[in-house]
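Residue numbers (my numbering), protein chains in the order written: chain L, 176 to 231; chain X, 14 to 240; chain F, 8 to 249.
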Amino acid sequence: MNVSEFLDMGGYAAFVWPAFGLVMSVLVYNIWSARSAHAEARRAAARRLQMEETHS
Amino acid sequence: MQSTGLLRAGALLYARDLKLAFRRWEQVTQPVVFFLMVTTLFPLALSPDTAQLREVAAGIVWVAALLSALLALEFMFRSDYEDGTLEQLVLSGQPLWWLSLVKAMAHWTVSGLPLVVASPLVAASLAVPAAAQPTVMVSLLLGTGILSFLGAVGAGLTLGVRRGSVLLSLLVLPLTMPALIFGARAVDMAIMGDSSRGPLLLLAAMFILSLTLGPFATSAALKVSME
Amino acid sequence: MWTWFHKLASPPHFYRIAGKVIPWFSWPALILILLGLYGGLVVAPMDYQQGEGFRIFYVHVPSAIMSMFVYSNMAIAAGIGLIWRMKLAHAVAAASAPIGAWFTFCALATGSIWGKPMWGTWWVWDARLTSELILLFLYLGFIALRSSIEDPQRADRAAAVLALVGVINLPIIHYSVVWWNSLHQGSTMFKSGAMSIEMKWPALAMLFGFMLYFGAVLFVRLRAEVIRRERNATWLKQELAR
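Following this line, the structure appears as structure tokens:
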């Protein structure tokens, strides 16, 4: 089976590739979202600690 | 002092809720008016052709009834929460699941039953044949009951939350979707002349499930909200 | 043994251990998912009836299984948090919810995409699809309820009650294809003999890859939760300075 046959997916290309692409994108997005939530939590905590220090 | 028995406490609470509801007459009539108005909108928007109306009547009646009953749901505990009565009920020593059941029953009586009574009128206006009317009423009787018992959980969880009514709908509607599916199916089958026993029995099963399990979840929800 | 458990639940320890554990989940997850992709797209033979279109199975079924797996995790964590008042358990439930919601969305979307060429329709209101949709709404309701209650403790506990109420949906999703004649096909993964191993293995690889992925992402989100909830300044300051 050559590359173009593979991409064609027996005529179902319009369904198979979006399905796989969608799921992979969601997985990547969730990694990014979790990491950015973590980074944001750290930044907010650092800000909070700084404010507490300057106000004490 | 003699402690109050279960039934007596329940009867007192039920009677009180009914009395309070009828004092605020608008709260009772609002859902019914909404029900009547919404169902009137559909023939205007779609077409007055009776054959067409008959096809969608089951869904319209059910969705309108569900939304109308939902309107009244946030008031189940609201006024008691605000004036401190709810706290008294929680501390009263009566099992909270029992009180939750009674409150949901009262809510059903005040908000659900009027819809059931109004439903033949609404169904007739949507070209539903007379033979299907009993199914309409029975299915809505069970459906509004399910909404009251399941909705009580949502009402308990969203007490005092800002914009709680939107959140309440988001929480309760998914739980009532199965009831909607079977209820509308039952009415549809009756309209077409078939027996609606199957969906009605399933609806009855859901009703019993929500009646028996709902109050426990509601009491847990109330305890969380009152902490 | 209990001292170890209590130590684990203490925020600074948990934060550090979680950080060390994550790569042990994420790299195997990547390998298994890539393996599943390769197996599903290239190696696995074409289906007798559905041809190449069948390959969607390899992302649809693992997503659907994960949507329920994550929810049961969430509900168990919520229950533990409610009964034993463990903050970490509530944090697990909170962190799981968005991941589970996305898996549910993937299951619904890939199922819909698969349904169009195979069964001629994007959607049908049968028991399994409807209950999976309700699962999505349960996740969203959980997230919405948490974010609309201001007091964090009350938010945790209210959402926990909701999560537990929704558990009844899981057996309905799973057994719906048994109880009702539905458009959605019956169980193929769990019934022995329904599918050959050479067709099954990419789905299993993908599923275990997804589970490890869930573990990795969960721990990342948990670290964020732990920081957000932490009031004790000393270890936090040390940690942030690293």
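A virtual CB, placed ideally from N, CA and C, is assigned to each residue, including glycine.
As the structure is a prediction and not an experimental result, all values here were calculated from the model.
Boundaries of the alpha helix (DSSP H) in which residue i is found, first to last residue
i                      : result
residue 232 of chain F : 204-236
residue 178 of chain X : 177-204
residue 73 of chain F  : 64-91
residue 103 of chain X : 98-104
residue 85 of chain X  : 63-86
residue 24 of chain F  : 18-45
residue 177 of chain L : From DSSP, residue 177 of chain L is part of no alpha helix (DSSP H); its letter is neither H nor E.
residue 51 of chain F  : Where residue 51 of chain F is concerned, there is no enclosing alpha helix (DSSP H), given that its DSSP letter is neither H nor E.
residue 234 of chain X : 210-238
residue 241 of chain F : 240-248
residue 213 of chain L : 188-230
residue 111 of chain X : 109-120
residue 38 of chain X  : 38-58
Proximity test, Cβ basis, 9 Å: residue i and chain X
i                      : result
residue 115 of chain F : no
residue 168 of chain F : yes
residue 151 of chain F : yes
residue 50 of chain F  : no
residue 173 of chain F : yes
residue 144 of chain F : yes
Below-9 Å beta-carbon distance, residue i vs any chain F residue
i                      : result
residue 238 of chain X : yes
residue 191 of chain L : yes
residue 174 of chain X : yes
residue 31 of chain X  : no
residue 76 of chain X  : no
residue 170 of chain X : yes
residue 226 of chain L : no
residue 103 of chain X : no
residue 64 of chain X  : no
residue 218 of chain X : no
residue 70 of chain X  : no
residue 119 of chain X : no
residue 213 of chain L : yes
residue 199 of chain X : no
Through-space distance from residue j to residue i, alpha-carbon basis
i                      : j                      : result
residue 14 of chain X  : residue 99 of chain X  : In this prediction, residue 14 of chain X scores a pLDDT of 46, lower than 50, which makes its location untrustworthy; the coordinate-derived value is nonetheless stated afterwards. Cα-Cα distance, rounded: 22 Å.
residue 122 of chain F : residue 189 of chain L : 13 Å
residue 181 of chain L : residue 230 of chain X : 53 Å
residue 99 of chain F  : residue 23 of chain F  : 16 Å
residue 111 of chain X : residue 225 of chain X : 10 Å
residue 30 of chain F  : residue 158 of chain F : 34 Å
residue 221 of chain L : residue 244 of chain F : 8 Å
residue 84 of chain X  : residue 168 of chain F : 23 Å
residue 25 of chain F  : residue 211 of chain L : 16 Å
residue 222 of chain F : residue 61 of chain F  : 28 Å
residue 131 of chain F : residue 151 of chain F : 27 Å
residue 180 of chain X : residue 96 of chain F  : 24 Å
residue 127 of chain F : residue 96 of chain X  : 56 Å
residue 53 of chain F  : residue 71 of chain F  : 22 Å
residue 78 of chain F  : residue 80 of chain X  : 28 Å
residue 142 of chain X : residue 204 of chain X : 6 Å
residue 133 of chain F : residue 107 of chain F : 22 Å
residue 211 of chain F : residue 228 of chain X : 41 Å
residue 217 of chain L : residue 33 of chain F  : 21 Å
residue 117 of chain X : residue 195 of chain L : 47 Å
Beta carbon proximity, residue i to chain L, threshold 9 Å
i                      : result
residue 219 of chain F : no
residue 38 of chain F  : no
residue 237 of chain F : yes
residue 105 of chain F : yes
residue 231 of chain F : yes
residue 243 of chain F : yes
residue 120 of chain F : yes
residue 234 of chain F : yes
residue 123 of chain F : yes
residue 147 of chain F : no
residue 247 of chain F : yes
Contact test: residue i Cβ vs the ligand FMN heavy atom, cutoff 8 Å
i                      : result
residue 247 of chain F : Of ligands this structure carries none, so the ligand FMN is not represented either.
| request: Scan the segment 177-197 of chain X for residues whose Cβ lies nearer than 8 Å to a Cβ of chain F and list them as they occur along the chain. | output: 177, 180, 183, 184, 186, 187, 188, 190, 191, 194
| In chain order, which alpha helix (DSSP H) runs of at least 4 residues are fully inside the segment 122-186 of chain X? | 126-138, 146-170
| request: Give, in chain order, every residue of the segment 58-77 of chain F whose Cβ lies closer than 9 Å to some Cβ of chain L. | output: 58, 59, 60, 61, 62, 63, 65, 66, 67, 69, 70
| task | Residues of the segment 153-166 of chain F with a CB closer than 8 Å to any CB of chain X: list them in chain order, please. | result | 155, 156, 160, 161, 164, 165
| said: Which complete alpha helix (DSSP H) runs does the segment 93-176 of chain F hold, if anything under 4 residues is left out? | reply: 94-126, 134-155, 159-173
| field | Contact residues within the segment 125-142 of chain F, judged by C-beta distance below 9 Å to chain X | value | 132, 134, 137, 138, 140, 141, 142
| query | At a Cβ cut of 9 Å, what residues of the segment 147-165 of chain X count as close to chain F, listed as they run along the chain? | reply | 163
| Residues from the segment 178-207 of chain L in contact with chain F, defined by Cβ distance under 9 Å | 181, 183, 184, 185, 186, 187, 188, 189, 190, 191, 193, 194, 195, 197, 198, 199, 201, 202, 204, 205, 206
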